[in-house]
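Down below is the structure, laid out as structure tokens.
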Amino acid sequence: MENKKLVINPAWCKGCGICAAFCPKEVLAIVHEKVQLINEADCIKCGLCELRCPDYAIYIEKEGE
Ligand code: SF4
Ligand code: SF4
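For the sequence shown, the numbering used here begins at 1 and goes up steadily by one.
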């Protein structure tokens, strides 16, 4: 888990809020029509946000690969 990183691409985010709605840890919120990490420390890197985003604007990146 420690070598995974949650990445947001604001250019692709349309602020639909699907990711925030499905996040089990309330890590995400929509601010000014873009998703923001409001509680990054609680992210468990489950990948649900990546799975649900229709625009590939949020994803988990493995570092060091
Ligand atoms: S990876 Fe899981 S816990 Fe982290 S922001 Fe996405 S849905 Fe929330
Ligand atoms: S689901 Fe995707 S497009 Fe919608 S708010 Fe989240 S990151 Fe943005």
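Beta carbons are placed, not taken as given, at the ideal position from N, Cα and C, and that holds for glycine.
Exposure label - residue i; buried when at least 16 CB within 10 Å
i	result
A41	exposed
I44	exposed
A20	buried
Whether residue i touches residue j by CB criterion (9 angstroms)
i	j	result
A57	P24	no
L37	L48	no
V31	I8	no
E61	K5	yes
Those residues which DSSP pairs with residue i across a bridge
i	result
V31	K34
I8	I58
Chain B within 9 angstroms of residue i, Cβ atoms only
i	result
I8	Given the protein chain composition of this structure (a single chain), no chain B is represented.
At 4 residues or longer, and completely inside the stretch 35-63: list those alpha helix (DSSP H) runs for me, N to C.
Annotation: the stretch 35-63 contains the following complete segments of the alpha helix (DSSP H) (minimum length 4 residues), in chain order: 48-52.
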